[in-house]
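Residue numbers (full-length UniProt numbering): 1 to 1101.
Positions of the beta carbon are idealized from the N, C-alpha and C atoms, including for glycine.
Bear in mind the structure is a predicted one, so any value in this text is a computation, not a measurement.
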Amino acid sequence: MTGRSSSDRARRNAAVQRLMDNADQSLSLLASLGDAPTLTAGLIPDSSLAPSSESFHFSSTSTNFGIPDDVNVAARDETENNDTRVLDPVVHPSVHHGLLHVKGVFPDQSTEFVDVDPRITTVRDLKHALCECRDSARALGLPARDARVMFGGQVVEDAWLVVDCGVGFEGAIHIVKATTVANSFFSRSGKKTQRPDPKLSISSISSVYQQEQPSNDEVMHQLATFNHSLSLGNVPSSRGALFSRHVRPEEAFFAEMVADFYDNLERVEDSDLYCEKLLIGYIDVLQTRLEKLEAALPGNWNTRGTSMMAQERLQNDITELRDERNTWRLLFELRQVCRTSKKLSDGEDRSMMLDAGAEELQFEMVEDDAVRLLETRNETFKVQKAVMTWLESIALESTLNISDKRGASGSRTLRMMRKNVFSGEGINMDPDAVLRDGDDRILPDDMEDEAELMKAVWLFIRAGRMSDAIDLCIRSGQPWRAASLSGGNFVGASETNERKDLQVERWGNPLRVLWKSMCWRLSEQAADRKVLKSNSLLAKKYEELIYAALSGNIPIMTKSSLCESWEDHCWAFLQGITEQQLDEIMFKLLKVKMQSSQLIVGSNAHYLRHFSSLLEKTKYLKRYQADLDMLFDELRGSQSELVRMQANQPHRQIQAKLVTAKFQYIVSSVLDTLLLNPKDDSYHWDLQLDSTIKSDEISSIFLRFAAHFIMFASFTGEQFDEQAGHMIVKLYIRHLVKHQQLQFVPIYASRLPTVGAIEIYVQMLSSVEDTLERELCVKRIVENAGMDVLSTVLQVVVERLCDRYRLVAQQQQQKKGELVSSDVPTTDIDRRRIRTIGILCFYPEHRAEMLIRANLLTRQFLLEGKFAAVKELVEESLPKDLIGALEMNCDTQLLRADDEIKRAMREFLCWRAYVQASTQFDLWRNCINNSGAEVLSLYSKEKDYLDDLMLHVSRSAAAMLEVLHFENGWLLGCSNDANEDVAIRRRCLPPLVFNLHFIQLESAKTIMRLSHYPEDAKAELARPLLEKSMEVADVVAGDHYGVYNALDQDHCRDLLHGFRESAVALAFVESMAVCDQSERTRLPCDHKRDEGDTANVQSPQ
């Protein structure tokens, strides 16, 4: 039994593992679609941050794919015990509770795991959780505040959401110290943006209020058939590469849309339609982002373990993004009015215009004709209708589908009456029964259904969906209520060809005013005291609100607790204002008709009395028709606290002023006041990256909106304070630079004045240290601004950075109290100064400027005694072909004249010769110190050593002579500062003179110390060296090169001592040679004398 159980478990585990592997692949694909508008059901989170000590594993969702929980537990346990199934290192979306199972690697290569909800968890939360699990403060000396999170070699900012770092990524999360990280640059392929064609005709919203021409609305059809040449680039659905460095999705999409907008601008024929296309793109991006964030709201999943701060931050983002989307929607609606008005004023669609005589009402007109006349002649009315359309689109999101509790059989109370449940009791079920008899006999479920129905009807009316409200009443078994809602249609007629007799089709309510008067009375009808149930009272409130909206009874709507928001109050007023204008023109049409005939509907005194009474009640609304600002001002002082609060919010203020085209007020009184310091009215381009300013308190969402709003208004020709607009765009650029989103900066800076753009580019490049990142920034600048601007930018950047780093280096040197010498080590600041020159190496047109800056930096290093830095600059940092490339491309240099370039080339050759001489001297010194003559035990070793020594002596001497005998004098005539040239020569040339003397004298001494080498050979080798060391005097004394001018009296005295030492050594070598020769001449005589003595001795024998 046990064996069978274990085998069954093994089979089940294998089956579960296959399901989980397939689920993992599917989830990886889904997670890579980072900006899908909806979330998969399998990713509904259970908590936002849950520390985990488990090994990495995959488990099923709450739906479990049809597998029991105990099977999942067994499969997970087996997975934990099987090391071969652990993927290391990996970060992957875990199906378990819909969380992301994150593995963190610490500097000591230890690992910890946490489960997070990537949509609401910040990187800071993730970092603190990992550090707490590891106890890194105690174990590693790395507290969470000093730690940073790195993914894929890139630093992730603490404020980012985990989802913005890429959900479907493969790799490890590394916890590192803050001082060890470095940023890199990821950007999209940039496109060159262009200035708008000044000849392109663009209409502004403010022009609508100056138009007096009829209009025709065919916008949606035109947008649907929009020419492909005007379409913007498609927005990608997955942005994993871009999210490897934090950027809010909407920031990236908005930047790309703006770039594509200006890139395709020159191919545009209809600029107004093109602007509306951009607005549609903005709205779509925000809508997609809203859907994604709303899916992560706490109400959509279990909030256990979710921090309140994360929930609040998520809700604030949703609110702000929704407000921004609504503002762009309003701008879109208003631009449609402005575009159609412009078309008619330019003479298009003349067939839709009424002739001059049609400006007055005619007897032959029906009510629909009068409405059309109002809509085509009154521009203010068109704006009001556009604003109502916008308000209704906002309300459309709140419509609801009522539950089907009642079913097809209608009221439950009525069904029970039919079953004689209430036998003997008189119960009426007519529409007015509740108001007349009370609700004590009505079942609670019926009253709940009634309240729900009334709410749904109100929401449909509020959203401008009257037909849906009528259909809902019919489906709910209340056709009488549907009829009460249908009396507001105007009378119209048209001929139809469906029948041979050409019957005239008619529609509308000829007694519309009477219907409106009854609606007005119903809206003011108070509930009877017999109505006691809460749902009955709620239904009555909604009913009053519905009939108040149909009749234009604004006081009832605005005082109702169910009409609570700023948008609801705006719609209520505009509903009343537009209805008043329609009623007024209907009354005028009725008077025109009555002048010709009394045989028309509504010509009786009773009807006219109702009409006059209705107009009298709404007469006060005329004051809002000419000036809607009065309406919005009154809403800011509303009796409702919520309406007052919303009316004073930035987006509501902007929306209110957009309606009246007060762009100057929006920029100067809303955006300027909110973002800029009122005490600082200066117009400057300093990004203040190291300072805290007022806009730091504003969210990045609003900063982005403000910048794009300014750019759009500027493009469409709206009138506002341009300087304030420039400062607002600068604030958003500051946000991008501070958050290292440098790939987007040129898109916005290119829309500013050239002076400001150059200063912003300079500050941006000055904040970048990485060479690759600098190169990508430079490419973005040249794509958006051109080579001339880039040349100026690079020149200023190099000059500014060099001066800044030089000041820091001098302060460091003064702080250490070091005296200026020639062996000051190279510091990090010095290397930054060197890397700064590298900014000029990206394009060949800047090589001359690079050479001049390198020469200047070399002078500074030498005067600071940093020869090691000079060597690193000249030999390692500058391109090897710098001079050759300059000679070939001298005519293409942008920043310097030919004469200046030639002098710079000569100066660089001087530095190169000096560095080469110093390098050769170092090689000779290493050879001398590497193996002394006294330690060489064999002749062969001494010979090899001597070969190397003589090679280095000759090379070093030649290199030094090349400096000392440089054509026309080393460093003479290279700059305009002769005093500095003299100072540098006095610092550099004396050591070379002494070294030239020293290498030959010391080499001769080394040769003479050889033990196994023949004496005569040593003398032959040492003698030329000593003679050349004496010839250094000729090198110094030559007038052509002026080396002696670089020597002071102390140098001359020391040099004379050196010459005396060389003379003594030379005399010693000469004496040795004389001795050797006399010894050689003496040896043959002594040999003959010895032979004679031997012969004499032998001779007697």
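Measuring CA to CA, which of 846, 803, 814 and 842 is closest to residue 832? The residue you call residue 832 lines up with position 832 of the sequence shown. The shortest Cα separation from residue 832 among 846, 803, 814 and 842 belongs to 803.
Beta bridge counterpart(s) of residue 173 as assigned by DSSP: Mapped onto the sequence shown, residue 173 falls at position 173. According to DSSP, which records beta bridges pairwise, residue 173 is partnered with 104 and 151.
CB contact flag (residue 712, residue 278, <9 Å): Stepping through the sequence shown from its first residue, residue 712 is reached at position 712. Stepping through the sequence shown from its first residue, residue 278 is reached at position 278. Contact flag set, yes.
Residue 987 and residue 801: beta carbons closer than 9 Å? Position 987 of the sequence shown holds residue 987. Position 801 of the sequence shown holds residue 801. Going by C-beta atoms, residue 987 is not nearer than 9 Å to residue 801.
Looking at C-alpha atoms only, which residue of 104, 122, 635 and 156 is the closest neighbour of residue 133? The residue labelled residue 133 in the question sits at position 133 within the sequence shown. Out of 104, 122, 635 and 156, 104 has the C-alpha closest to the C-alpha of residue 133.
How far does the alpha helix (DSSP H) with residue 1031 in it reach, from first residue to last? On the sequence shown, position 1031 is the one that residue 1031 refers to. Start and end: 1015-1037.
Count Cβ pairs between the segment 470-481 and the segment 447-460 that sit closer than 8 Å; are there 3 or more? yes
Tell me the rounded alpha-carbon separation between residue 374 and residue 579. For the purposes of this step, residue 374 is taken as the residue at position 374 of the sequence shown. For the purposes of this step, residue 579 is taken as the residue at position 579 of the sequence shown. So the two alpha carbons sit approximately 12 Å from each other.
Beta-carbon proximity check, residue 772 vs residue 781, cutoff 9 Å: Taking the sequence shown and counting its residues from 1, one reaches residue 772 at position 772. Taking the sequence shown and counting its residues from 1, one reaches residue 781 at position 781. Taking 9 Å as the Cβ cut-off, residue 772 and residue 781 do not qualify as a contacting pair.
Secondary structure at residue 884, three-state DSSP: helix, strand or coil? Along the sequence shown, one-based indexing puts residue 884 at 884. Residue state, collapsed to three classes: helix.
Please check the pair residue 446 and residue 413, which I expect to be a contact at CB under 8 Å, by giving their CB distance rounded to whole angstroms. Against the sequence shown, residue 446 aligns to sequence position 446. Against the sequence shown, residue 413 aligns to sequence position 413. Confirmed, about 5 Å.
Could you spell out where the beta strand (DSSP E) holding residue 114 opens and where it closes? Counting from one through the sequence shown, the residue named residue 114 turns up at place 114. Unbroken beta strand (DSSP E) run through residue 114: 111-116.
Spatial distance of residue 762 from residue 902 (CA atoms): What you label residue 762 is simply residue 762 of the sequence shown in a count that begins at 1. What you label residue 902 is simply residue 902 of the sequence shown in a count that begins at 1. One C-alpha to the other measures close to 28 Å.
Residue range of the alpha helix (DSSP H) that includes residue 141: Numbered from its first residue, the sequence shown carries residue 141 at position 141. Taken as a continuous stretch (DSSP letters only), residue 141 belongs to no alpha helix (DSSP H), as it is neither H nor E.
Which partner residues does residue 492 have in the DSSP bridge list? The residue you call residue 492 lines up with position 492 of the sequence shown. Answer by DSSP bridge pairing, in chain order: 507.
Does the segment 585-605 come close enough to the segment 626-636 that 3 or more CB-CB pairs lie under 8 Å? no
Quick check: what's the CA-CA separation for residue 787 versus residue 844? As a position in the sequence shown, residue 787 is number 787, starting the count at 1. As a position in the sequence shown, residue 844 is number 844, starting the count at 1. Their backbone Cα atoms lie some 11 Å apart in a straight line.
C-beta neighbour in chain D for residue 1000, strict 9 Å: Reference to chain D is not applicable here, since this structure consists of a single protein chain.
Residue 680 by DSSP, collapsed to three states: which one? As a working mapping, residue 680 is identified with position 680 in the sequence shown. Coil.
Would a C-beta distance cut-off of 9 Å place residue 272 and residue 338 closer than the cut-off? The sequence position of residue 272 within the sequence shown is 272, counting from 1. The sequence position of residue 338 within the sequence shown is 338, counting from 1. Yes, Cβ-Cβ distance for residue 272 and residue 338 is below 9 Å.
Under the rule that 16 or more other beta-carbon atoms within 10 Å means buried, what is residue 326, buried or exposed? Against the sequence shown, residue 326 aligns to sequence position 326. Classification of residue 326: buried, given that the 10 Å Cβ count is 16 or more.
With DSSP as the reference, please indicate the residues paired to residue 673 in a beta bridge. Residue mapping note: residue 673 aligns to position 673 of the sequence shown, counting from 1. Residue 673 is not bridged to any residue.
With a Cβ-Cβ cutoff of 9 Å, do residue 1058 and residue 998 count as a contact? What you label residue 1058 is simply residue 1058 of the sequence shown in a count that begins at 1. What you label residue 998 is simply residue 998 of the sequence shown in a count that begins at 1. Yes.
May I ask which residues mark the beginning and end of the alpha helix (DSSP H) holding residue 254? In the sequence shown, counting from the first residue as 1, residue 254 sits at position 254. 249-263 is the extent of the alpha helix (DSSP H) around residue 254.
Can you tell me which of the three DSSP states residue 866 falls into? As a position in the sequence shown, residue 866 is number 866, starting the count at 1. Of the three classes helix, strand and coil, the one that applies to residue 866 here is strand, per DSSP.
In this structure, how does DSSP classify residue 796 when only helix, strand and coil are distinguished? For this step, residue 796 is matched to residue 796 along the sequence shown. Three-state DSSP puts residue 796 in a helix.
Contact under 9 Å by Cβ, residue 523 with residue 548: In the sequence shown, the residue the question calls residue 523 occupies position 523. In the sequence shown, the residue the question calls residue 548 occupies position 548. Yes, they are a contact pair.
Using only alpha-carbon positions, find the residue among 113, 107, 923 and 908 that is nearest to residue 148. Against the sequence shown, residue 148 aligns to sequence position 148. Here the closest residue by C-alpha is 107.
If I follow the unbroken alpha helix (DSSP H) through residue 436, where does it start and stop? Within the sequence shown, numbered from 1, the residue matching residue 436 stands at position 436. Here the alpha helix (DSSP H) through residue 436 covers 433-437.
Residue 562 - DSSP class collapsed to helix/strand/coil: Against the sequence shown, residue 562 aligns to sequence position 562. Coil.
Please report the straight-line C-alpha distance between residue 493 and residue 318, rounded to a whole angstrom. Working through the sequence shown from its first residue, we reach residue 493 at position 493. Working through the sequence shown from its first residue, we reach residue 318 at position 318. Going by the C-alpha atoms only, they are around 47 Å apart.
Grouping DSSP H, G and I as helix and E and B as strand, with all else coil, what is residue 156? Translated into positions along the sequence shown, residue 156 becomes position 156. The answer is strand: DSSP assigns residue 156 an E or B state.
Kindly identify the DSSP beta-bridge partner or partners of residue 122. In the sequence shown, residue 122 corresponds to position 122, counting from 1. Answer is 161, bridged to residue 122.
Closest by CA to residue 961, which one among 586, 951, 989 and 583? Taking the first residue of the sequence shown as 1, we reach residue 961 at position 961. Among 586, 951, 989 and 583, the Cα nearest to that of residue 961 is on 989.
Cα-Cα separation, residue 907 to residue 157: Here residue 907 corresponds to residue number 907 of the sequence shown, with the count starting at 1. Here residue 157 corresponds to residue number 157 of the sequence shown, with the count starting at 1. For residue 907 and residue 157, the distance between alpha carbons rounds to 46 Å.
Excluding the 5 residues flanking residue 887 on each side, which residues of the same chain have their C-beta closer than 7 Å to its C-beta? By 1-based counting over the sequence shown, the position of residue 887 is 887. Answer for residue 887: no residue qualifies.
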